[in-house]
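Trainee: This is the structure I have questions about; it appears just below.
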Amino acid sequence: MQKVYKLSKARFQELQEELEYMKTVREREVADQIKEARSFGDLSENSEYDEAKNEQGKLYSRIAEVENILANCEVMEETVASGTVKTGCHVTVLDMDDNTEEDYQLVGSQEADPYQRRISEESPFGKALLDAKEGDIVSVVAPAGTLHYKVIKIH
Numbered sequence: 177m178q179k180v181y182k183l184s185k186a187r188f189q190e191l192q193e194e195l196e197y198m199k200t201v202r203e204r205e206v207a208d209q210i211k212e213a214r215s216f217g218d219l220s221e222n223s224e225y226d227e228a229k230n231e232q233g234k235l236y237s238r239i240a241e242v243e244n245i246l247a248n249c250e251v252m253e254e255t256v257a258s259g260t261v262k263t264g265c266h267v268t269v270l271d272m273d274d275n276t277e278e279d280y281q282l283v284g285s286q287e288a289d290p291y292q293r294r295i296s297e298e299s300p301f302g303k304a305l306l307d308a309k310e311g312d313i314v315s316v317v318a319p320a321g322t323l324h325y326k327v328i329k330i331h
């Protein structure tokens, strides 16, 4: 069964643009690098050629990865109409252990960035928040022990 990647509209657009750039501009640049390196002569001792071929391999690998993501993605709508935490929602939680409020956005794994408070729906914290309602208390099992959060606001 193929994994379904959940993406925001913005991330979906970014990946489409990246793919277009890689298939047009970047692919031509790498082909030119290979052509230039071949002109240097003996390929068995040509580090420029080896480097250009490695770059080509990385490029094709990334193209395949992005094509797979785009072929198997679901574009999320940012909505709070359901009153429950869903992927794409922003949520304010109260850390019940130290009594501090924190804001997070629940996103798909391709967009997770803890430093920007964008939490993957597949992480333990994300899984605990999914389908929670305002006022619910969720528990997250972490290496430091079980953490408890109260959902204050879904926005």
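Just add 176 to wherever you are in the sequence shown, counting from 1, and you've got this note's numbering.
Note that beta-carbon positions come from the ideal geometry of N, C-alpha and C, so glycine has one too.
1. Per DSSP, what kind of secondary structure is T200 in: helix, strand or coil?
2. Determine the closest residue to Q281 out of S299, I210 and S315, with distance taken between C-alpha atoms.
3. For R294, does the three-state DSSP call read helix, strand or coil?
4. Assuming contact is defined by CB atoms lying nearer than 7 angstroms, are E231 and V206 in contact in what I supplied?
5. When the Cβ atoms of the segment 263–281 are set against those of the segment 232–243, are three or more pairs found closer than 8 angstroms?
6. On the DSSP letters alone, give me the boundaries of the alpha helix (DSSP H) that G233 sits inside.
7. Taking C-beta to C-beta, are V261 and L191 nearer than 7 angstroms?
Mentor: On the basis of the supplied data:
1. helix
2. Measuring C-alpha to C-alpha distances from Q281 to each of S299, I210 and S315 identifies S299 as the nearest.
3. Here R294 carries a strand assignment [DSSP, helix/strand/coil].
4. yes
5. no
6. Here the alpha helix (DSSP H) through G233 covers S223 to A247.
7. no
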